[in-house]
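Contents: one structure, followed by commentary.
Number of protein chains: 2
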Amino acid sequence: MKKELSYFPKRDAGRRNYAERVRQVFQDYLALKDLRLTKQREKILDVFLSAERHLSQDDVYRLLKKDGLGRVTVYRTLKLLEESRLAEGVTSSSGETRFEIQLERPHHDHLICVQCGYIKEIRWPEIEKIQKQVCRKLGFSILYHRHELFGRCKDCSPKPPAAGS
Amino acid sequence: MKKELSYFPKRDAGRRNYAERVRQVFQDYLALKDLRLTKQREKILDVFLSAERHLSQDDVYRLLKKDGLGRVTVYRTLKLLEESRLAEGVTSSSGETRFEIQLERPHHDHLICVQCGYIKEIRWPEIEKIQKQVCRKLGFSILYHRHELFGRCKDCSPKPPAAGS
DNA sequence: ATCAATGCAAACGTTTTGCACTCCC
DNA sequence: GGGAGTGCAAAACGTTTGCATTGAT
């Protein structure tokens, strides 16, 4: 039995609901700031919700330019998503920032394959715990952190799991 | 007895030697690549060795433009320093990359104060250990990682250590 | 109808490149 | 002396801004 770690709650069943909750949060944030949920902003959000993660600005732009969406709007909307804390940036293997929707997702860090670009999410509560402890001891209050590991994923590793191992 | 963790070897005594070793490493790297250790490259290295850490490209440029050094050279040399693995970039609180010389310095991560910009280096072998373990289990081979914590340092913390704790 | 949002183009800041001159090896 | 290195200017790149038009509430 492949016990693939299932870090995140299954959302397949409640996917549509999830999308709606995300949209709601965004709308609330916008309302709070006296801003509007426009078609373009919805579309950008939708792209994230169907891709579900790790899109660069350019990815979003290319997916939506056929709808007449401009780069500027993508930039501005991504900024809004970041501000609202709905989206968060991850450094990709090529150095560019990629975004993912964070709502209701437990905090996780990233393993980034420098070869294929695959981004694996990982949770390690132990590490978070040590982090907090050490920082508290030092009087450093953490606001947020970035913990990214660059390397090769299983498939891209130079030495595939040898027989007999 | 204050057992302040002494993360880095005392270099006060051997500082000059250290500088020379750094220069040697750089020269070796350059030789390997059929490149030359020029006055400008030496000067840039010297800036790092006297500042010892966390300089942005602009910092370096401003410190050296009086010597007639151009921005372009700074960019190119910083790239060389990175390639040679002598220097490594850290994300500063304002988001720009700052560089530090890494030779003979044990690996460390960074606590970055978003208020005063102070960068504190930190070693937590336990975390590194867990990291390695987890990644090995996943078949992910780490090449390098970035672990940066953003927050407020002791001095900039909103609530100074209150009386009676 | 109002006022924010959009999209264009132009501005902007940063990094890279082309090229003649310099200088290290 | 030759080829790499430098510095300038210009190009390239990614992001932001100004402004007239569009559109959501």
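Protein chains in written order, with this note's numbering: chain A, 3 to 167; chain B, 3 to 167. For every residue, glycine included, the Cβ atom is placed at its ideal position computed from N, Cα and C.
The beta carbon of residue 147(A) falls within 8 Å of a beta carbon belonging to chain B, placing the residue at that interface.
The alpha-carbon separation between residue 25(B) and residue 103(B) amounts to approximately 11 Å.
Chain order gives no chain A residues near residue 102(B), where near means a beta carbon separation below 7 Å; the closest approach is about 17 Å. Less than 8 Å divides the Cβ of residue 128(A) from the Cβ of residue 132(B). Using a Cβ-Cβ cut-off of 8 Å, residue 137(A) is close to 113, 151, 153 of chain B, given in chain order. Between residue 110(B) and residue 87(B), the C-beta gap is not smaller than 8 Å, which leaves the two residues out of contact. Close partners of residue 26(B) in chain A (Cβ separation under 8 Å) are lacking, with about 28 Å as the shortest Cβ gap. Secondary structure of residue 35(B) (DSSP, three-state): coil. Residue 55(A) places its beta carbon 8 Å or farther from that of residue 116(A). As the crow flies, the alpha-carbon of residue 141(B) is around 13 Å from that of residue 152(A). For residue 92(A), no chain B residue has a C-beta closer than 7 Å to its own C-beta; the minimum C-beta separation is roughly 11 Å.
Boundaries of the alpha helix (DSSP H) around residue 63(A): 59–66. Measuring C-alpha to C-alpha distances from residue 74(B) to each of 84(B), 63(B), 112(B) identifies 63(B) as the nearest. One finds 126, 129, 151 in chain B with Cβ atoms closer than 8 Å to the Cβ of residue 133(A), taken in chain order. Exclusion of the five residues before and after residue 27(A) leaves 86, 88, 105 as the residues of its chain whose Cβ lies within less than 8 Å of its Cβ. Excluding five sequence positions before and after residue 77(B), the CB atoms of its chain that fall closer than 7 Å to its own CB belong to 59, given in chain order. Measuring C-alpha to C-alpha distances from residue 20(B) to each of 61(B), 136(B), 134(B), 107(B) identifies 107(B) as the nearest. Put simply, the CB of residue 121(A) is far from chain B, with every gap to its CB atoms at 8 Å or more.
Residue 113(A) and residue 38(B) have their C-alpha atoms spaced approximately 37 Å apart. Residue-level contact by beta carbon fails for residue 74(B) and chain A, as no gap is shorter than 8 Å. Each residue's CA atom was taken as its position, placing residue 40(B) and residue 119(A) some 37 Å apart.
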